[in-house]
Amino acid sequence: YMGRTCKSGQWSGHVRCIKPCTVTKEEMDKHNLQLQKHWLDKIYSEHNDHLTFICKERKRPDGRVGMRQRCVEGVIELPTCV
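Numbering (the numbering used here), first residue to last: 9 to 90.
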């Protein structure tokens, strides 16, 4: 990603806005998850950032999705614990 630059009064390059990922407490509750390092009601994660989830007490991952997920253009897949 280069962004825009101004050289000799002329702009070059481009700017692209990339949506962050959001994960709410309600979504995490639905999947029996909590974040490994955060205790917030809503998490914002930038594009390409990783979030690591852990299962709530007495729950185990169902194994279909890894517990560490990457935000890709506003989309992050949530693992599920059962």
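Ideal Cβ positions, reconstructed from N, Cα and C, are used throughout, including at glycine.
Taking residue i as part of the alpha helix (DSSP H), name the residues at either end of that continuous run.
i     : result
LYS38 : 33-38
Which whole-angstrom value describes the C-beta separation of residue i and residue j, a residue pair presumed to lie in contact below a C-beta threshold of 8 Å?
i      : j     : result
VAL73  : THR60 : Actually they do not touch by this definition, with Cβ atoms about 13 Å apart.
VAL80  : HIS55 : 7 Å
LEU41  : LEU86 : 7 Å
LYS171 : LYS33 : Past the edges of the chain, shown from 9 to 90, lies residue 171, and the structure says nothing about it.
VAL91  : ASP70 : In this structure the chain extends from 9 to 90, so residue 91 is not present and cannot be described.
Decide if residue i is buried, meaning its Cβ has at least 16 other Cβ atoms within 10 Å, or exposed.
i     : result
GLN77 : buried
HIS58 : exposed
ILE26 : exposed
HIS39 : buried
Looking only at DSSP bridge pairs, what is residue i linked to?
i     : result
LYS50 : THR32
PRO69 : CYS89
HIS55 : Its beta-bridge partners do not exist; DSSP assigns none.
ILE26 : For ILE26, which the question treats as bridged, DSSP gives no partner whatsoever.
Which residues mark the beginning and the end of the beta strand (DSSP E) in which residue i is found?
i     : result
ARG12 : 12-15
ILE84 : It is not in any beta strand (DSSP E) - ILE84 carries neither H nor E in the DSSP assignment.
GLY74 : Neither: GLY74 is in no beta strand (DSSP E) and is coded neither H nor E.
GLN18 : 18-21
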